[in-house]
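Protein chains: 2
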Amino acid sequence: MRTLKYAILGLINRNSMTGYDLMKEFNTDLVNFWYASHSQIYPELKKLTKEGLITYTTVIQGEKMEKKLYSITDEGRSDFISWIREQDLLEPTPKDIFRLKTYFIESMDKSLMINHFNYQLVQRLEKLKKLENTMKDHPYAKKLGKIGSAKYGDYIVLKGAIMRERTYIQWLEECISEMENN
Amino acid sequence: MRTLKYAILGLINRNSMTGYDLMKEFNTDLVNFWYASHSQIYPELKKLTKEGLITYTTVIQGEKMEKKLYSITDEGRSDFISWIREQDLLEPTPKDIFRLKTYFIESMDKSLMINHFNYQLVQRLEKLKKLENTMKDHPYAKKLGKIGSAKYGDYIVLKGAIMRERTYIQWLEECISEMENN
DNA sequence: GTATACATGTAAAAAGTTACATGATTTT
DNA sequence: AAAATCATGTAACTTTTTACATGTATAC
Chain A
2 MRTLKYAILG LINRNSMTGY DLMKEFNTDL VNFWYASHSQ IYPELKKLTK
52 EGLITYTTVI QGEKMEKKLY SITDEGRSDF ISWIREQDLL EPTPKDIFRL
102 KTYFIESMDK SLMINHFNYQ LVQRLEKLKK LENTMKDHPY AKKLGKIGSA
152 KYGDYIVLKG AIMRERTYIQ WLEECISEME NN
Chain B
2 MRTLKYAILG LINRNSMTGY DLMKEFNTDL VNFWYASHSQ IYPELKKLTK
52 EGLITYTTVI QGEKMEKKLY SITDEGRSDF ISWIREQDLL EPTPKDIFRL
102 KTYFIESMDK SLMINHFNYQ LVQRLEKLKK LENTMKDHPY AKKLGKIGSA
152 KYGDYIVLKG AIMRERTYIQ WLEECISEME NN
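Residue numbers (the numbering used here), protein chains in the order written: chain A, 2 to 183; chain B, 2 to 183.
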């Protein structure tokens, strides 16, 4: 469905930016729901340029380093807007290797499975801590933003990521406790 | 990481089965954490056979319809066991188109965003109901299973899927209520 | 007899990952 | 001077999806 296309259009629609800037966005804010690497981004930018949905101007950084600053075209913007207006059917449930391994729990002994669960738990707690720190510094969480601004979307998905992470942790903890008491 | 390979090995390790049986598994139980279609399964079965991890016997169904009943080999089993013993690092956060759209909420007006959220909510409530019905009929939920059995893994991931779904719904509801009161 | 389920494959395209490849700029 | 970051690309491969393709068996 060319979702990467719309993720890029949406970002460039907010602000003109380079491929490198996009890459950073995909690695920070968007990492919680849409990751993309530079090897996917650069070819897509080329394609979108050819399709007339974005254009770029070459900017010189320092002495001679060239970078391409991309902007959205009217055509790009209206394509993006019609994408965002579409209602979406539920996607297939995301894949999860850990849940798959858990499903095959009969092939593990008790100590191994508790080990696996604890290892996941440590990592998820670490991840949650980072998300909560991001939230702590977020302007909307400090009541500085308002609904309808770009920062509101940012806030709302961050909140969702924290809820998702807490639930995963709760599941891990409940499983561990159940396994230890049986 | 060839996860599909291990999903198939794990299932065949439980019971000998055909490609069609596998397909049904991937579409029912496993759909909540690892989906695969028949066009992925059949080539993988061929590959695993060539690698000596599984073998098959041809069974005649009815008059002449041939089906291939796959079994795991010792080599396949030990490969599977070493996979299941591995500790896993956290995977990248799964992609989610709806969260991506939500992130770009500044490009929607209030009624459109509430509409989108409600549409998701209806679908997720439906999905949750199905999961809860599956749980209701589950032997472990009726205290008929015990930890360590294959059904326990089944139960534990189903429980996780329900928790995940409830949290998604809670997120949707909180967002709707916040949007309606602002 | 007809519809649904059983049963197995391949082909082409799209999406995503990992590795290869290069060079400039800024910070320490 | 070295390390980190900025900056942009391609190649090869893996994974996944969608479409094409065919035929049998069973339940109603």
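C-beta atoms are modelled at their ideal positions from N, C-alpha and C, and glycine is treated no differently.
Keep in mind the model is a prediction, meaning the values are calculated, not measured.
DSSP beta-bridge partners of A:E67: Within the first sequence, numbered from 1, the residue matching residue 67 of chain A stands at position 66. In DSSP, A:E67 forms a bridge with A:I61.
Using the rule of at least 16 other Cβ atoms within 10 Å of the residue's Cβ for burial, across every protein chain shown, is A:Q121 buried or exposed? Position 120 of the first sequence, counting from 1, holds the residue named residue 121 of chain A. Buried, since its Cβ has 16 or more Cβ neighbours within 10 Å.
Using 9 Å as the limit for Cβ to Cβ distance, is B:R3 near chain A? Reading the second sequence from its first residue, position 2 is the one you call residue 3 of chain B. For B:R3, the answer is no, since every Cβ of chain A falls outside 9 Å of its Cβ.
Compare the C-beta of A:D30 with all C-beta atoms of chain B and state if any pair is closer than 9 Å. Counting from one through the first sequence, the residue named residue 30 of chain A turns up at place 29. Taking Cβ atoms only, chain B reaches closer than 9 Å to A:D30, which makes this a yes.
Measure how close the beta-carbons of B:S79 and B:I13 come, nearest whole angstrom, since I'm counting them as under 8 Å. Numbered from 1 along the second sequence, position 78 holds the residue referred to as residue 79 of chain B. Numbered from 1 along the second sequence, position 12 holds the residue referred to as residue 13 of chain B. Rounded, the Cβ-Cβ distance is 14 Å, inconsistent with contact.
Any contact between the segment 154-164 of chain A and the segment 160-174 of chain B? By contact I mean 3 or more CB pairs, one from each, below 8 Å. Verdict: yes, contact present.
Quick one: which residues of the segment 5-36 of chain B get their C-beta closer than 9 Å to a C-beta of chain A? List them in chain order. The residues in question are Y7, A8, G11, L12, N14, R15, D30, L31, V32, N33, F34, W35 and Y36.
Tell me, which residues are paired with A:I55 by DSSP? As a working mapping, residue 55 of chain A is identified with position 54 in the first sequence. According to the DSSP secondary-structure assignment, A:I55 is paired through a beta bridge with A:I73.
Specify, as a first and last residue, the run of the alpha helix (DSSP H) that A:E26 falls within. Taking the first sequence and counting its residues from 1, the one referred to as residue 26 of chain A is at position 25. It spans G20 to N28 - the alpha helix (DSSP H) in which A:E26 sits, taken as one unbroken run.
Contact set for A:Y141: own chain, Cβ-Cβ below 7 Å, skip 5 residues either direction: Indexing the first sequence from 1 puts residue 141 of chain A at position 140. For A:Y141, where only same-chain residues beyond five positions count, the Cβ hits under 7 Å are K152, Y153 and Y156.
Taking a cut of 8 Å between CB atoms, which residues from the segment 116-144 of chain B lie near chain A? Only those residues of the segment 116-144 of chain B whose C-beta falls short of 8 Å from the nearest C-beta of chain A are listed: N116, H117, Y120, Q121, Q124, R125 and K128.
Quick check: is the beta carbon of A:D94 nearer than 9 Å to any beta carbon in chain B? Along the first sequence, read from residue 1 onward, the residue named residue 94 of chain A stands at position 93. It should be pointed out that residue 94 of chain A corresponds to Thr in this sequence rather than to Asp. Yes, A:T94 lies at the interface with chain B (some Cβ there is under 9 Å from its Cβ).
Going by CA-CA distance only, name the one from A:M66, A:F105 and A:K51 that's closest to B:I82. Position 81 of the second sequence, counted from the first residue, corresponds to residue 82 of chain B. Selected option, being the one with the closest Cα: A:F105.
Short Cβ contact (9 Å threshold) for A:L5 with A:Q41: The residue labelled residue 5 of chain A in the question sits at position 4 within the first sequence. The residue labelled residue 41 of chain A in the question sits at position 40 within the first sequence. Yes, the pair counts as a contact, with Cβ atoms nearer than the cut-off.
At least one CB of chain B closer than 9 Å to the CB of A:S72: is that the case? In the first sequence, residue 72 of chain A corresponds to position 71, counting from 1. For A:S72, the closest Cβ of chain B is not nearer than 9 Å.
Chain B contacts from the segment 103-115 of chain A (Cβ-Cβ distance under 7 Å): Along the segment 103-115 of chain A, going in chain order, the ones with a CB nearer than 7 Å to a CB of chain B are T103, Y104, F105, I106, E107, S108, M109 and L113.
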